[in-house]
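Notes follow once the structure below has been shown.
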Ligand SMILES: [Zn+2]
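Structure below.
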């Protein structure tokens with residue numbers, strides 16, 4: 037009752053389409069949930085996300101959850117997650133995707149989830165890493181450890197959203213990431229996670245850093261893939 041009255045004054049809207057949410061809907065409305073284009077890459081190990089890393093770094097498994105289209109629902113969701121403080125989007129997408137990922141055998145071989153890190157300075161400005169809630173949600177639903185202490189960024193790169201592709205590749209050279217590990221981190225299978233897979237160069241650089249750890253294996257999962 038109290039919740040309903042609150043909703044009268046502060047109505048909750050869908051973070052994908054801005055329409056009012058029904059009382060049984062949470063964060064993303066039913067219509068958006070049906071319209072969001074799922075990649076279904078988890079069903080095919082030789083999928084297009086996996087192929088992005090061919091000849092670059094050895095990857096055991098790679099998949100993205102949904103397709104990112106300009107002006108689409110997913111762009112709206114990522115924007116709200118990244119710039120408007122709506123971290124609950126990551127939680128919802130993580131819960132949703134973990135149901136799919138549970139069907140793949142590969143997930144059972146993974147030891148830890150590692151987020152692509154933000155630089156400390158950027159973290160201070162934004163207040164949070166946009167992949168944290170997604171990663172923690174996957175970790176709790178898949179019974180995996182979430183570890184944000186191994187991989188870190190060594191230098192600051194300016195926000196890349198407004199730069200062209202060429203410049204973006206240039207910014208993300210593999211000197212940007214490094215690892216800090218000890219003996220308990222060796223021989224582990226890491227699931228590297230990020231928000232949107234575009235060229236894959238950031239993940240490739242992160243993967244190269246993680247592969248400095250003896251016996252490391254890498255898998256990759258992203259919320260979305262630009263298409
Ligand atoms: Zn909606």
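Numbering (the working numbering), first residue to last: 37 to 263. Just so you know, even glycine gets a beta-carbon here, dropped at the ideal spot from N, CA and C. What you are looking at is a predicted structure, and each value in this text was computed from that prediction instead of being measured.
Cα-Cα separation, residue i to residue j
{"i": "residue 108", "j": "residue 225", "result": "34 Å"}
{"i": "residue 71", "j": "residue 220", "result": "43 Å"}
{"i": "residue 87", "j": "residue 79", "result": "14 Å"}
{"i": "residue 237", "j": "residue 228", "result": "13 Å"}
{"i": "residue 215", "j": "residue 262", "result": "28 Å"}
{"i": "residue 165", "j": "residue 151", "result": "9 Å"}
{"i": "residue 217", "j": "residue 183", "result": "11 Å"}
{"i": "residue 246", "j": "residue 149", "result": "12 Å"}
{"i": "residue 250", "j": "residue 144", "result": "21 Å"}
{"i": "residue 77", "j": "residue 46", "result": "38 Å"}
{"i": "residue 174", "j": "residue 64", "result": "18 Å"}
{"i": "residue 266", "j": "residue 66", "result": "Outside the shown range of the chain, which is 37 to 263, sits residue 266, and nothing can be said about it."}
{"i": "residue 207", "j": "residue 51", "result": "Caution applies to residue 207, whose pLDDT of 47 falls short of 50 and renders its modelled position unreliable; the model cannot decide the point."}
{"i": "residue 81", "j": "residue 90", "result": "13 Å"}
{"i": "residue 185", "j": "residue 102", "result": "27 Å"}
{"i": "residue 235", "j": "residue 48", "result": "35 Å"}
{"i": "residue 100", "j": "residue 123", "result": "19 Å"}
Coarse secondary structure for residue i, derived from DSSP in three states
{"i": "residue 85", "result": "helix"}
{"i": "residue 58", "result": "coil"}
{"i": "residue 156", "result": "helix"}
{"i": "residue 119", "result": "helix"}
{"i": "residue 150", "result": "strand"}
{"i": "residue 215", "result": "strand"}
{"i": "residue 53", "result": "coil"}
{"i": "residue 64", "result": "strand"}
{"i": "residue 187", "result": "strand"}
{"i": "residue 247", "result": "coil"}
{"i": "residue 169", "result": "helix"}
{"i": "residue 80", "result": "coil"}
{"i": "residue 142", "result": "helix"}
{"i": "residue 95", "result": "coil"}
{"i": "residue 235", "result": "coil"}
{"i": "residue 163", "result": "coil"}
{"i": "residue 46", "result": "coil"}
Per DSSP, the bridge partner or partners of residue i
{"i": "residue 100", "result": "258"}
{"i": "residue 225", "result": "253"}
{"i": "residue 230", "result": "258"}
{"i": "residue 182", "result": "149"}
{"i": "residue 74", "result": "102"}
- Report yes or no: do three or more beta-carbon pairs, one from the segment 151–159 and one from the segment 108–121, lie closer than 8 Å? no
- With contact counted as at least three CB pairs below 8 Å, one residue from each stretch, are the segment 250–260 and the segment 95–103 in contact? yes
- Message: Strictly closer than 7 Å from CB to any heavy atom of ligand 1: give me those residues in the order they appear in the chain.
- Response: 50, 52, 53, 55, 64, 65, 67, 68, 109
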